[in-house]
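Chains as they are written, first to last, in our numbering: chain A, 23 to 133; chain B, 108 to 221.
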């Protein structure tokens with residue numbers, strides 16, 4: 023089955039700096055890669071996703087890049103704010119299948 | 108409100124007992140997924156139902172079972188509970204197999220076994 027690895031497990035940045043979280047996947051059949059943000063005591067929320075026919079996608083301060091050849095994808099958050107502090111999960115999937123999640127990155131933005 | 112409703116929000120029970128967690132998917136979503144999240148752990152896939160039928164199983168213990176009813180709500184039954192079953196249990200729903208768009212997660216049920 024699919025195996026998704028996520029790094030780093032914890033990340034601290036100063037407010038205003040950028041944060042990058044990286045994930046790798048093993049199954050070349052995966053073609054959909056969502057990112058989730060989980061705040062304390064809440065369920066994960068989808069923040070951005072990318073499909074395999076696209077190399078990069080942006081949504082305001084958040085961007086995701088995908089390298090299909092290398093089987094890795096990354097989340098980039100620019101101009102970080104304290105409210106970006108949360109646990110972020112990457113995932114990989116293909117049609118009709120469950121999501122395989124990474125182990126999560128705990129991001130702390132220091133004011 | 109994500110549109111996925113999970114009840115109860117909190118549950119405290121004793122070892123050896125049985126509990127039922129309930130999930131109502133977002134309107135129009137046919138797939139329901141159950142995940143377990145233990146302290147400092149990631150999201151462990153338990154089981155998926157699609158339109159009433161079991162579609163995939165993950166690392167679900169034999170003491171756990173689930174079903175999806177004709178109205179598409181789902182229940183996760185946990186029996187012979189052990190201390191190690193204490194965790195957050197999330198339900199998520201999607202329109203189809205999951206790759207059309209991301210799952211929508213509920214807010215979870217926090218189970219504490221004492």
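We put the beta carbon where it would ideally sit given N, CA and C, even for glycine.
For clarity, every value in this text was computed on a predicted model and none was experimentally measured.
Classify residue 153 of chain B as helix, strand or coil using the three-state DSSP reduction.
strand
Beta-carbon separation (whole angstroms), residue 200 of chain B vs residue 132 of chain B, contact threshold 8 Å:
3 Å
Compute the Euclidean distance between the alpha carbons of residue 177 of chain B and residue 198 of chain B, then round it to the nearest angstrom.
17 Å
Return helix, strand or coil for residue 169 of chain B, following the three-state DSSP convention.
coil
Quick check: the segment 91-108 of chain A against the segment 120-130 of chain B, are at least 3 beta-carbon pairs closer than 8 Å?
no
Going by the DSSP bridge assignment, what does residue 56 of chain A pair with across the sheet?
A/71
Is it right to say residue 188 of chain B is buried, meaning 16 or more other beta carbons lie within 10 angstroms of its own, or is it exposed?
buried
Buried/exposed call for residue 205 of chain B, threshold 16 Cβ in 10 Å
Because the pLDDT of residue 205 of chain B is 49, which lies under 50, any placement of that residue in the model is unreliable, and the question is left without a value.
What residues match up with residue 89 of chain A in a beta bridge as DSSP calls it?
A/94
Name the chain A residues whose beta carbon is nearer than 8 Å to that of residue 173 of chain B?
The premise fails here: residue 173 of chain B is roughly 14 Å from chain A at the closest Cβ pair, so nothing lies under 8 Å.
Determine, for residue 71 of chain A, whether the minimum Cβ-Cβ distance to residues of chain B falls below 7 Å.
yes
Under 7 Å, Cβ to Cβ, is there at least one residue of chain A near residue 194 of chain B?
no
Cα-Cα, which of A/95, A/111, A/127, A/133 is closest to residue 48 of chain A?
A/95
Does the Cβ-Cβ distance between residue 99 of chain A and residue 84 of chain A come in under 7 Å?
yes
Beta-carbon separation of residue 170 of chain B and residue 181 of chain B under 7 Å?
no
Note the first and the last residue of the continuous beta strand (DSSP E) segment covering residue 187 of chain B.
Taken as a continuous stretch (DSSP letters only), residue 187 of chain B belongs to no beta strand (DSSP E), as it is neither H nor E.
With distances taken between CB atoms, is the gap from residue 154 of chain A to residue 24 of chain A smaller than 7 Å?
A question about residue 154 of chain A goes unanswered here, because the residues of chain A that appear run from 23 up to 133.
Less than 7 Å between the C-beta atoms of residue 173 of chain B and residue 120 of chain A, yes or no?
no
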